[in-house]
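Each remark here refers to the structure printed beneath this line.
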Amino acid sequence: MLTENDQSTKKLCDRFSKGVEKLDDASSQVKELNEKLVIQREAVEEKTKACETLLSNILESQNIATESHAQSSQKAKEMETQSKEIENEKKEAEIALSKALPALEQARAALSELDKNDVTEIRSFVKPPQPVQVISECICVFKGMSDVSWKAAKGMMADTNFLQSLQAMDMNSIGSKQLSTVKEHLISSKITMEQMRIVSKAGAGFLRFVHAVLEYCEVLQDVRPKREKVAKLEKLFSQNERDLDRIKRKLARVEEDVRRYNEKLATAKEEQAALQEETKIMERRLEAADKLFNGLGLESVRWREEIETLKKKRQNLLGDCLVSAAFLTYSGPFFYNLRQRMLHDDWLPDISRRGIPISEDFKFNHLLTDEVTVANWNACGLPGDELSVQNGILTTRASRFPLFIDPQQQALKWLKTMEEKNKLRVATFNDPDFLKYLELAIKYGTPFLLEDVYDHIDPIIQNVLSKNILVEKNRSYVMLGDKKVEYDPNFRLYLNTKLSNPAYGPKVFGNATVINCTITEEALQNQLLDVIVKHEQSGLEEKKNMLIHTISDNRKILKKLESNLLLNFTLSTGNILDNEELINTMEETKHKVTDTAEKLVLAAKTSAEIEALTCAYRPAAKRGALLFFILTDMATISPMYQFALAAYTKLFETVLQRSAPDTVLKRRLTNIITKITEAGNVAVECETQKCPVSWLTNSNWRDLQRLEEILPIQFKGLTKSWYSLSNLEDEPPPYFEMVTSFQKLCLLRCFRLDRICRAVENFVAEILGNNCMSSSESSLATVYEQSHPETPIVFILSPGSDPTESLKKFAKSHLDLDPSINLKFLSMGQGQETSALKLFKLASADGSWLILQNCHLLVKWIPQLKKSIESTKKFHPNFRLWITTEPSPDFPIDFLQLSLKVVTEPLLGLKRNLRATFLEIPASKFVECQHPAFSTLAYTLSFFHAVVQERRQYGKLGWNVPYDFNLSDFHASLAVIVDQMKSTRLESEISWGSLRYLIDEVMYGGRVIDEFDRRVLRTYIHEYFGEFLFDKCQYFHFYANKRIVYGIPSDVSREGIISK
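Sequential numbering from 1 applies to the sequence shown in the UniProt record's numbering.
Below you can see the structure in the form of structure tokens.
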């Protein structure tokens, strides 16, 4: 433990130190970062201005480029339009010319048919024919000759290349004047082709040529404007091409400038971005530092303090671990007060004397657990008092397996809830397969719980309990009986016993950690207080439970957040201000911590308010806790008086429901306390010891001497006259002054046991009030109301008591059940176990009542019955299980704690016995039997039954042999009286002899075997039953002296008798 805690403390201290170191390093960087950041920001500003200048130049160049580009686009569009127009014009001219070209080609073809001889023929004319002369002159005109005459024509034709020149003549150069001259010549001469052929072959060819030229030239006159337009357009197109080329060269220069500017701008921006990035890093670091210091400024102080605390804790670990180890080893079996005494009166002073360092405010919780773990335990059902927390520490931290002394089964409930997620297996030593399940748990490392453990622990689990682990080939084994089972280190074994003081030997204490989980009165007060608040103010209880879970969850969150934060500080490398994830985590953690801390403060405030409200109900919880421990102590009177906390809590809840409501809290508390006290009186009738009758026997003397040791009173002056008083409980002892009621009660207990009952009644009436002494008219009705189908009702019998008839009568009168159909009786004995379980299964399903009688004869079978009850998933709401048993020390305690217990022994005191017996007569009997003598005889029989029962309290003075007179004798005798009443009308007609004989010899006398006892019984019968009961002259008394008169009430109706 010391090594483990030292290492964990050192590790935690290192984490805090690393966190503080990181914070200090961040603090030293802040000043340097601030200085660098000023210079960096100036450089960024200069670079920004340079970038702005470059950007301005780029924008200007881009504007020029845009304008040039627009011009270029405009020129291109214009040129495209011009090109289309030129193409169209050219196409139209060519189409027009194409029509004249065939004729021209034909003329040229005609010329090609002529040769020099044909031309010579024409030249040979001195005076040519008019057609030849005209056509020759036309050719001269086409040739553009100034002299248009035959002479000039002959000279033209003299050229050897004349025909070739006509072939190559440029038709496009012939002017309009030339054309009009030719046309005039041809029109004036009226030359035809036929005429020309007749005159000259060559002339005919020339004529066709001239006609073709004219036709071509006429077409050309129409085409010429288009050609001129095309020429102009082509000239303009050429100019536009030159302009476009100039614009493109300018655009290229501008774009080159823009490219150079962009390169410079990109370089400048890169430099600016680098500077800005460095600036951002600095700013981010400063911002991170700001967040770090704002978020962890106070944490830094706390961490430094925590480091010092941890260092001091490491110094004191030796003493802390020594006391903690002693606590885990030795304190388990002891009650809380003894544990505290060992710690504060023995261990801590001894540690101090030896000079061993130890924490000043040492507590087990600080070293062995933490708040989050305790909150988890509380959420699983572990009470929050210090004893329960210590038991939780012993359970989880002790090196040995725990064995719980758990009479109230609170540790059992906590274990089942806590280990449920780990697949806890629950069994008992009586289960046939418990070894198989235990083996599986050991092998696979799951928890295993053995409940209902008694004084004897099966030796077969000895090796497991003592952790006798064998290691072979790096594998662990444990011997379970004669079988070797592989051992998983995660395996946990729990043992739980309901015995409050089990007799285990030293070996068990050495092998297991025995933990005493007996609840303390303070813890029970708190639990009952929760029950009251839940009933009275359910919203407040729900709010409290929510707060408990909220506080638990928030503490978990705080612990986890701090742990993660320290871990991140420890694992972070490099500059902490660059660890963005860590800073964000820290900031998020800070917000969560702040929010969680605020929630915890609010929860603490709300919890204080709730605590103040709930404390108002504490007096009722205190009374309830006190009564429970009184009931628990009754086990010292009889082992049958066993009470489970769960059953008592149900009873407590029932009392809360039945107590009278009141809007005033004080009166409401009074009603609850009164009802709780009364409930304790309904469930059990206390048994008293047999009384000695001699004056100051040796036993009396020993008791008085012991009383003198306890009370500061010397009992001198007591006289036999006071001792011999019949009602000395009403008289003060002689020679005593200022004797309290309790001291007087103790004195009577020493030598007048016969008056104790009445004295206790006086004492209870004086302290608690007379209402606590009033008997309930039907205790079975109260018990039935408190019961549930799954809760057995156990009748603890004493000699002479038999609840059978009472049960039948109650079932029929109050619940309208037919005893012959709805009540199933079975007297237990050897071989009846199977029948009992079958009847239980049938009755629990159809809603009948099952009455198992004399179960003390089969106490070993009772655990099997308990399993059947627990395994039944659904009970019919009308089902009840009634069990009768005599007191037995071997009766299973857990079954007694589970059940409601009813003591059916005869009441002490003649009056109480008489009243209880008379109330056994149902009101219907008085309606059925209208005989005037019936009420008197019923009362007389009740008085007789009370007398014979009361005589048993006096030992041999009462009866030589103890007889089990019970209510069956009474009811049988009552039936005889009813039969007598039916056969008579008047008192004088009653056959007293036969009536006395049947009661004396048959009903009651059938049990009497001693002759002297028979004589006593016969005397009572003759004294109580006769005509004298109705004598008007001499009033009948059962007994009379100067102070006491026992007679028949004047009002003999049922109501009149009960009212007395």
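Ideal Cβ positions, reconstructed from N, Cα and C, are used throughout, including at glycine.
Beta carbon of residue i nearer than 8 Å to that of residue j
i	j	result
Y1004	L1017	yes
I869	E790	yes
G332	T513	yes
V132	F142	no
S519	Q410	Per the sequence presented here, residue 519 reads as Ile, with Ser not at that position. Yes, these two residues count as a Cβ contact at 8 Å.
L529	R618	yes
L111	L166	yes
C138	M171	no
P128	W150	yes
S935	F926	yes
V760	L747	no
D6	R354	no
L449	N496	yes
CA-to-CA distance, residue j to residue i, given in whole angstroms
i	j	result
T375	L524	Reading off the sequence shown, one finds Ala at residue 375, where the question assumed Thr. So the two alpha carbons sit approximately 19 Å from each other.
Q537	L368	37 Å
P792	R1015	43 Å
R400	T417	21 Å
E439	Q390	30 Å
R197	A158	22 Å
P267	A76	The amino acid at residue 267 is misidentified as Pro; the sequence shows Thr. Whole-angstrom Cα-Cα distance: 36 Å.
Q527	A612	16 Å
T649	M1	40 Å
W992	Q830	45 Å
Q178	A152	16 Å
D385	A972	57 Å
residue 1062	E987	Only positions 1 to 1060 of the chain appear in this structure, which leaves residue 1062 out of reach.
I921	L941	11 Å
S659	Q949	35 Å
L865	F404	24 Å
D846	S806	22 Å
K483	A604	55 Å
S694	F509	At S694, the pLDDT of 46 sits below 50, so the modelled position is not reliable; the number obtained from the coordinates is stated separately. Taking the straight line joining both Cα atoms gives about 48 Å.
Y504	A765	43 Å
R758	N422	58 Å
A427	Q408	18 Å
R15	E371	21 Å
G319	P357	5 Å
For residue j and residue i, believed in contact at Cβ under 8 Å, the rounded distance
i	j	result
H856	T885	4 Å
S476	Y487	4 Å
F1036	I1021	So it is not a contact: roughly 15 Å between Cβ atoms.
V933	M981	For the record, residue 933 in the displayed sequence is Ala; it is not Val. With 8 Å as the limit, A933 and M981 qualify as a contact, their Cβ atoms being about 7 Å apart.
L415	L328	With a Cβ gap of about 18 Å, L415 and L328 do not count as contacting.
I862	K498	Not quite, the Cβ-Cβ distance comes to about 13 Å (not below 8 Å), so this is no contact.
R912	F965	Not confirmed; about 16 Å, so no contact.
Reduced DSSP category for residue i - H, G, I as helix; E, B as strand; rest coil
i	result
N873	According to the sequence as given, residue 873 is Lys; it is not Asn. Reduced to three states, the DSSP call for K873 is coil.
Y504	coil
H1037	strand
E419	coil
residue 1064	Any question about residue 1064 goes unanswered here, given that the chain covers just 1 to 1060.
I122	helix
V693	Note that V693 has pLDDT 36, beneath the 50 cutoff, so the model's placement of it is unreliable and no number is given.
V682	Here the model assigns V682 a pLDDT of 41, short of 50, so the residue's position is not dependable, and the following value carries that caveat. The answer is helix: DSSP assigns V682 an H, G or I state.
R492	coil
S8	helix
S899	coil
G1047	strand
residue 1070	This structure cannot settle anything about residue 1070, because the visible part of the chain is limited to 1 through 1060.
F965	coil
S1059	helix
Residues bridged to residue i [DSSP beta-bridge criterion]
i	result
T513	P402
K484	M479
K925	Answer is none; K925 lacks a bridge partner.
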